[in-house]
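Student:
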Amino acid sequence: MIQANTIENKRTTSSKKSSTHESVYDDVCNLCSDGGHLLLCDSCPSAFHTSCLQMQNLPLGQWHCVYCVCKFCGTFQRRGELIYEMTKCSLCQQKFHKSCVGRNALNIDLNSKSFCGKECHEIYERLQRYIGFKIDLGDGFSCTLVRRYDLGPHSTSFKRRCNSKLATALKIMNESILEKDGNMVSAASIRIHANKLAEMPYIGTRFMHRHGGMCRRLLDSIETILGDLGVRKLVISAASEVLPMWTNAFGFKSLRESTKEIMKSMSIVIFPGIQMLEKCVEKKGDNLCQIKVGLVKRGSKKVDTVEEGVDLAAQVVVLRLRDGPTTYRPGLWAM
1 MIQANTIENK RTTSSKKSST HESVYDDVCN LCSDGGHLLL CDSCPSAFHT SCLQMQNLPL
61 GQWHCVYCVC KFCGTFQRRG ELIYEMTKCS LCQQKFHKSC VGRNALNIDL NSKSFCGKEC
121 HEIYERLQRY IGFKIDLGDG FSCTLVRRYD LGPHSTSFKR RCNSKLATAL KIMNESILEK
181 DGNMVSAASI RIHANKLAEM PYIGTRFMHR HGGMCRRLLD SIETILGDLG VRKLVISAAS
241 EVLPMWTNAF GFKSLRESTK EIMKSMSIVI FPGIQMLEKC VEKKGDNLCQ IKVGLVKRGS
301 KKVDTVEEGV DLAAQVVVLR LRDGPTTYRP GLWAM
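Here UniProt numbering is used: the first residue of the sequence shown is 1, the next is one more, and so on.
1. Tell me, please, which residues DSSP counts as bridged to Ala187.
2. Let me check one thing: in DSSP terms, what residues is Cys280 bridge-paired to?
3. Per DSSP, Leu127 is paired with what?
4. Just the C-alpha distance for Lys71 and Gly212, rounded to the nearest angstrom, thanks.
5. Can you find the residues in the same chain that come closer than 7 Å, C-beta to C-beta, to Glu119, ignoring five residues on each side of it along the sequence?
6. Taking the alpha helix (DSSP H) that Ser99 belongs to, which residues open and close that run?
7. So, does the stretch 131–144 touch the stretch 90–102, judging by three or more C-beta pairs under 8 Å?
8. Which residues does DSSP pair with Gln275 in a beta bridge?
9. DSSP state of Ser254, grouped into three classes?
10. So, using beta-carbon positions, are Val185 and Val231 closer together than 8 Å?
11. Assuming Cys32 contacts Tyr67 under a Cβ cut-off of 8 Å, what Cβ separation, rounded to an integer in Å, is found between them?
12. My output table needs one value for Gly259: the three-state DSSP class, helix, strand or coil.
13. Using the rule of at least 16 other Cβ atoms within 10 Å of the residue's Cβ for burial, across every protein chain shown, is Gln30 buried or exposed?
14. Looking at C-beta atoms only, is the number of pairs between the stretch 237–247 and the stretch 217–224 that lie closer than 8 Å three or more?
15. I'd like the list of long-range same chain contacts for Leu226, defined as Cβ closer than 7 Å, with 5 residues on each side in sequence excluded.
16. Taking only the alpha-carbon atoms, compute the straight-line gap between Ser267 and Ala238 and give it to the nearest angstrom.
17. Along the chain, which unbroken stretches of the alpha helix (DSSP H) at least 4 residues long are found entirely within the UniProt domain "PHD-type" (26–71)?
18. For His193, does the three-state DSSP call read helix, strand or coil?
19. Going by C-alpha to C-alpha distance, which of Phe48, Asn57, Cys41 and His49 sits closest to His64?
20. Any idea what DSSP makes of Ser265, helix, strand or coil?
21. Taking only the alpha-carbon atoms, compute the straight-line gap between residue 341 and Asp139 and give it to the nearest angstrom.
22. Taking Ile135 as the reference, which of Ser112, His121, Glu122 and Asp181 has the closest Cα?
23. Output the distance between the C-alpha atoms of Cys215 and Thr205, rounded to the nearest integer angstrom.
24. Per DSSP, which residues does Thr224 bridge with? Please list them.
25. To the nearest angstrom, report how far apart Val24 and Val101 are at their CA atoms.
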């Protein structure tokens with residue numbers, strides 16, 4: 001019998017295989033971000049501790065990780081379907097066989113995008129209301145959800161404006177996006193994993209605006225948007241020196257075991273030595289307008305749909321103020 005690959009035996013057999021992943025395997029566990037004796041996926045660069053997967057023994061033969069198997073049947077191959085015949089959900093990024101979706105297969109393909117079910121489809125449609133819109137927060141502040149577009153010679157000005165804002169925002173993640181009077185103050189990166197949870201790997205505020213409540217403004221806006229989308233939890237990673245701030249001031253708590261189990265099937269950004277925290281998201285109204293947050297028109301007229309090319313799995317939320325966009329170090333949250 002052939003045993004599944006680990007770091008050690010993968011290196012001894014790499015010269016005999018043609019996989020493009022052989023030399024680029026992760027050297028830390030995708031679930032805990034620690035090194036050691038790792039089990040390697042035969043379909044992608046991911047690596048895991050068997051203990052993190054709660055495996056008692058190494059699997060025999062080829063082994064495919066949770067990111068490479070169907071989210072419904074849990075298999076790499078089903079009824080002759082190979083991995084390249086599986087579809088990836090445009091929102092949660094999990095793979096699935098269309099034959100496994102069942103009743104959820106209704107209306108899962110929208111604008112050439114595929115969805116694993118109604119929940120991801122509905123969140124996608126709600127997100128269309130927010131992408132590129134300014135959300136007026138009062139006192140000169142506004143919040144915007146933006147996403148990178150692939151630009152071509154005929155790309156619209158809207159796509160170019162979104163990319164321009166992201167280029168500026170990367171200087172705050174590097175600098176992180178809250179705006180006031182058109183100038184960036186804070187920004188956060190958000191990834192939505194269906195309605196179960198969203199992760200916020202990065203958040204930051206320009207140095208000159210720190211300790212002024214900007215992070216709270218941006219976080220409140222993010223929670224409101226997620227609540228309106230129907231997302232249940234927000235997950236963050238926090239360095240030890242700012243852990244009391246996140247737990248005491250912002251109401252985050254250590255991950256529950258149930259949340260950890262859910263996250264095992266998701267590709268979550270994890271930093272070594274950083275603690276993961278969670279917070280339940282409450283729906284504050286039918287939409288942002290009902291809680292005194294008005295949508296400002298995109299350009300000269302309201303746009304009701306998002307143009308093709310937007311990957312809605314991840315967005316950057318921008319908060320603006322009077323001056324422009326902080327230097328951000330992973331795991332050290334810039335407030």
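We put the beta carbon where it would ideally sit given N, CA and C, even for glycine.
Tutor: Looking at the atomic coordinates:
1. Along the sequence shown, one-based indexing puts residue 187 at 187. Per DSSP, Gly204.
2. For the purposes of this step, residue 280 is taken as residue 280 along the sequence shown, with counting starting at 1. Its beta-bridge partners are Lys233.
3. Within the sequence shown, the letter at position 127 stands for residue 127. According to DSSP, which records beta bridges pairwise, Leu127 is partnered with nothing at all.
4. Stepping through the sequence shown from its first residue, residue 71 is reached at position 71. Stepping through the sequence shown from its first residue, residue 212 is reached at position 212. Each residue's Cα considered, the two are about 43 Å apart.
5. Residue 119 sits at position 119 when you count from the first residue of the sequence shown. Around Glu119: Ala194 and Asn195.
6. Residue 99 sits at position 99 when you count from the first residue of the sequence shown. Lys98 to Val101 is the span of the alpha helix (DSSP H), which, as asked, contains Ser99.
7. Here the stretch 131–144 does not lie against the stretch 90–102, with fewer than 3 beta-carbon pairs under 8 Å apart.
8. Taking the sequence shown and counting its residues from 1, the one referred to as residue 275 is at position 275. Bridge partners of Gln275: Ala238.
9. Numbered from its first residue, the sequence shown carries residue 254 at position 254. Residue state, collapsed to three classes: strand.
10. Taking the sequence shown and counting its residues from 1, one reaches residue 185 at position 185. Taking the sequence shown and counting its residues from 1, one reaches residue 231 at position 231. Not in contact: Val185 and Val231 (Cβ atoms no closer than 8 Å).
11. Numbered from 1 along the sequence shown, position 32 holds the residue referred to as residue 32. Numbered from 1 along the sequence shown, position 67 holds the residue referred to as residue 67. Going by Cβ atoms, the distance from Cys32 to Tyr67 rounds to 16 Å, so no, they are not a contact pair.
12. Here residue 259 refers to the residue found at position 259 when the sequence shown is read from its first residue. In the sequence as displayed, the identity of residue 259 is Thr instead of Gly. Helix, per DSSP.
13. Residue numbering aside, residue 30 sits at position 30 when the sequence shown is read from its first letter. The sequence shown places Asn at residue 30, not Gln. Buried, since its Cβ has 16 or more Cβ neighbours within 10 Å.
14. no
15. In the sequence shown, counting from the first residue as 1, residue 226 sits at position 226. Ala198, Leu234 and Val281, listed in sequence order.
16. As a first step, residue 267 must be located in the sequence shown, where it is residue number 267. As a first step, residue 238 must be located in the sequence shown, where it is residue number 238. Whole-angstrom Cα-Cα distance: 18 Å.
17. For the UniProt domain "PHD-type" (26–71), not a single whole alpha helix (DSSP H) run of length 4 or above is found.
18. Locating residue 193 in the sequence shown gives position 193, where the first residue counts as 1. Strand, per DSSP.
19. Counting from 1 along the sequence shown, the entry for residue 64 is found at position 64. His64 has its Cα closest to that of Cys41, out of Phe48, Asn57, Cys41 and His49.
20. Indexing the sequence shown from 1 puts residue 265 at position 265. Ser265: coil per DSSP, three-state reduction.
21. Because the chain here runs from 1 to 335, residue 341 falls outside it and cannot be looked at.
22. Position 135 of the sequence shown, counted from the start, is the residue given in the question as residue 135. Distances from the CA of Ile135 to each of Ser112, His121, Glu122 and Asp181 were compared; the closest alpha carbon is that of Asp181.
23. As a position in the sequence shown, residue 215 is number 215, starting the count at 1. As a position in the sequence shown, residue 205 is number 205, starting the count at 1. So the two alpha carbons sit approximately 7 Å from each other.
24. As a position in the sequence shown, residue 224 is number 224, starting the count at 1. Answer by DSSP bridge pairing: none, since Thr224 is not bridged.
25. Here residue 24 is taken as the residue at index 24 of the sequence shown, counted from 1. Here residue 101 is taken as the residue at index 101 of the sequence shown, counted from 1. Distance between the alpha carbons of Val24 and Val101 is about 32 Å.
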